[in-house]
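These notes concern the structure reproduced below.
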Ligand code: ADP
């Protein structure tokens, strides 16, 4: 019986122990699963990837944690994608900015781009040069801090206020002591809602065009003025003759003489104007041949001698004959020499002296012709404008009549047609030397013979 009881007790203990062991085993298993799930969750969190762990019991803390982690992981994945998109967009915007800057930098006109708040976004080198700032360090600087020209700032502000897409105005800008005239266009850039989001200013230098237009206007008014004077004189004397106002032969001869000389002047004027405009427009027919300036000088001196003799002026030229020195148009070079010689006689008081020299400069491969007089000379401040069309030295006007076209024609013939150089040296009251240089013709012998 006792043995039975002991056995029974043992069986119960063993059974109880078995149940305990099984329970412990289950607990251990669960713990291990939870550990594995937790590890999986941590791994998932660390990798940032959403990975569903199926073994987690629904509604458990781990399940809730997993949901939170998964939500966060999805959010961070979306955020990552957004960051990637933004990075791409930034790269694209940078590339676009770079290429827009490349375009702006390659434009020869001055360009400034600013935002609606007048902060400079970019500008090119011509803009920096024109408005005196460093174009490389403009970014986001206020426009009025960078640009000192008040007219320009005012124009930008007016353009923004007027809400006009393009405003065009001429501006005068002081640049390195020079007065630059600019054709300035201000364009407003609008966003989707129609508000101004930026301003582009483009400035085109039109100083040269203005000068040319001014020169053309001056030329036309000068020509009309110059033509009017002899014409008025011819008309007046012809009318007096027609009205019988010249009653004796002597007066009539005097009137005929005036009409003749004025008609000649008119003719010279028209000839000069036509010659200059033909050369300027490139329409002149040039017949270049290898010739000697010596022979042309000799002919011109012979032609001028009687005119000079009227004023008791001597012309000296004892140059050796140098054959075939230069490739030039004979008639044109003759005209140059005659113009310089006649000016020398015209602007030299009676009993003066004119000397002509002709030399070959082998070292520089050129022929040099100079005409020196003992005349009235030219004030130094007048020299820079001497070769301009219609320019006459006021101080010398009383000495002789003229058109102010002769020296311009000489310059055009020498420099434009023959690639030579014209020059002048003068001292008021002492005299002047006018001269020109022409290139020596290639492969030409320049031996002098008497
Ligand atoms: P113009 O028909 O008036 O002589 P030019 O073009 O030949 O025209 O000369 C322009 C001006 O230059 C003249 O009006 C004169 O004042 C000055 N000039 C030209 N040559 C001489 C000279 N040899 N001596 C002094 N002045 C001169």
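In this note's numbering, the protein residues as written are 217 to 666.
All residues carry an ideal CB built from backbone N, CA and C; glycine is no exception.
Spell out the partners DSSP gives residue i in its beta bridges.
i, result
"residue 641", "649"
"residue 339", "328"
"residue 406", "412"
"residue 584", "575, 653"
"residue 542", "507, 656"
"residue 358", "335"
"residue 394", "391"
"residue 401", "384, 418"
"residue 589", "570"
Should residue i be counted as a contact of the ligand ADP given a C-beta to heavy atom distance under 7 Å?
i, result
"residue 594", "yes"
"residue 545", "no"
"residue 650", "yes"
"residue 533", "no"
"residue 589", "yes"
"residue 608", "yes"
"residue 431", "no"
"residue 571", "no"
"residue 530", "no"
"residue 516", "no"
"residue 619", "yes"
"residue 623", "yes"
"residue 563", "yes"
"residue 602", "yes"
"residue 524", "no"
"residue 555", "yes"
"residue 448", "no"
"residue 612", "yes"
"residue 491", "no"
"residue 483", "no"
"residue 560", "yes"
Using only CA atoms, which one of the options lies nearest to residue i?
i, options, result
"residue 641", "354, 651, 582", "651"
"residue 427", "658, 626, 398", "398"
"residue 574", "631, 278, 511, 568", "511"
"residue 532", "515, 367, 411, 544", "515"
"residue 551", "521, 627, 576", "627"
"residue 368", "647, 452, 639, 334", "334"
"residue 394", "385, 347, 379", "347"
"residue 421", "338, 325, 599, 253", "325"
"residue 437", "519, 605, 636", "605"
"residue 526", "492, 549, 567, 443", "567"
"residue 384", "391, 594, 374", "374"
"residue 529", "370, 547, 559, 625", "559"
"residue 553", "462, 536, 584, 543", "584"
"residue 337", "313, 390, 624, 299", "313"
"residue 647", "460, 341, 593", "593"
"residue 637", "459, 277, 549", "549"
"residue 355", "639, 603, 330", "330"
"residue 507", "561, 455, 658, 487", "658"
"residue 276", "371, 254, 616, 643", "254"
"residue 518", "572, 358, 457, 445", "572"
"residue 444", "278, 619, 597, 543", "619"
"residue 547", "534, 497, 634", "634"
"residue 597", "361, 562, 501, 644", "644"
"residue 561", "523, 487, 450", "523"
"residue 587", "309, 487, 294, 557", "557"
Identify the continuous beta strand (DSSP E) that holds residue i and give its terminal residues.
i, result
"residue 334", "Looking at the DSSP string, residue 334 is not in any beta strand (DSSP E), and its letter there is neither H nor E."
"residue 382", "382-391"
"residue 569", "569-577"
"residue 530", "530-532"
Counting only beta-carbon atoms, is residue i nearer than 8 Å to chain C?
i, result
"residue 569", "In summary, chain C is missing from the structure at hand, where a single protein chain is found."
In the DSSP assignment, find the alpha helix (DSSP H) that holds residue i and state where it starts and stops.
i, result
"residue 669", "For residue 669 there is no data in the structure shown, the boundaries of the chain being 217 and 666."
"residue 467", "465-497"
"residue 367", "366-378"
"residue 428", "423-458"
"residue 624", "622-627"
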